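Numbering (this note's numbering), first residue to last: 1 to 233. Data block below; observations after.
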Ligand SMILES: [Zn+2]
């Protein structure tokens with residue numbers, strides 16, 4: 001993981017990593033995060049605070065990833081808001097939970113990854129969250145039409161939208177689970193489907209129609225599997 005932790009941008013990169021690491025510490029106080037970690041511990045997969053790390057991601061469009069056996073990594077150069085970090089941590093923790101509970105789970109298997117992406121998208125509330133966040137952006141713009149803070153805010157959103165609209169570069173390390181996050185206003189299930197497919201594109205075993213076929217094959221069983229929650233929170 002050394003190359004992920006390095007800072008290509010000198011002191012600016014280091015500052016961003018420190019800032020996002022502090023945001024991660026805040027995320028760890030969320031009841032949902034505590035609940036997931038507790039359930040992982042009960043299943044024999046205790047994860048310490050250093051399981052969650054802010055890193056500089058080079059040449060990637062993703063905002064976070066889960067590396068089985070290593071931890072959860074948040075791309076400090078691709079995130080801006082505390083709410084984003086919260087959501088990323090919860091999404092990746094669902095993957096970590098799946099990795100813990102399913103001994104025969106193989107992340108390079110398209111259907112296996114599809115199942116975990118469906119669950120992570122559903123149980124983390126990613127699609128709800130994006131709607132709320134987007135509403136918040138419109139409100140902020142409406143209230144501060146000329147302020148410099150608003151201009152800066154617009155610039156940040158624009159920068160991030162550009163990052164996410166260029167498609168996804170498949171990573172060279174297929175054992176990692178890269179996740180796609182973007183703004184959208186689809187219906188929740190369509191929103192989840194689209195994001196599952198975008199995440200699967202990073203898996204070399206999900207080429208062509210394999211991604212969609214795998215997702216459809218496992219959709220019902222994985223969407224309805226809400227463990228460790230009694231129902232989708
Ligand atoms: Zn994911």
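We put the CB at the ideal spot given by N, CA and C, even for glycine. Just so it is clear, the structure is predicted and the values come from calculations on it, not from any experiment.
- An exposed status is given to residue 209, since fewer than 16 other beta-carbon atoms sit within 10 Å of its beta-carbon.
- Shown here, residue 71 sits in a strand according to DSSP, grouped into three states.
- With a cut-off of 7 angstroms, the C-beta of residue 22 is classified as distant from ligand 1, since no heavy atom of the ligand falls inside that distance.
- Note that the region 46-56 does not touch the region 102-119; fewer than 3 beta-carbon pairs, one per stretch, sit closer than 8 angstroms.
- Residue 72 is positioned such that its CB atom lies closer than 8 angstroms to that of residue 93.
- A straight-line Cα-Cα distance of about 31 angstroms links residue 112 and residue 17.
- The continuous alpha helix (DSSP H) containing residue 119 extends over residues 110-123.
- Within the same chain, and ignoring the five residues on either side of residue 197 in sequence, the residues whose Cβ sits closer than 7 angstroms to its Cβ are 211, 212, 215.
- Between residue 115 and residue 100, the alpha-carbon positions lie close to 14 angstroms from each other.
- When secondary structure is reduced to three states using DSSP, residue 56 falls in the coil class, being assigned neither helix nor strand.
- The three-state secondary structure of residue 64, taken from DSSP, is strand.
- In this structure residue 76 touches residue 56 by the C-beta definition: roughly 6 angstroms separates them, less than 8 angstroms.
- Across the structure, residue 192 and residue 91 are spaced so that their CA atoms are roughly 12 angstroms apart.
- Judged by DSSP in its simplified three-state form, residue 203 adopts coil rather than helix or strand.
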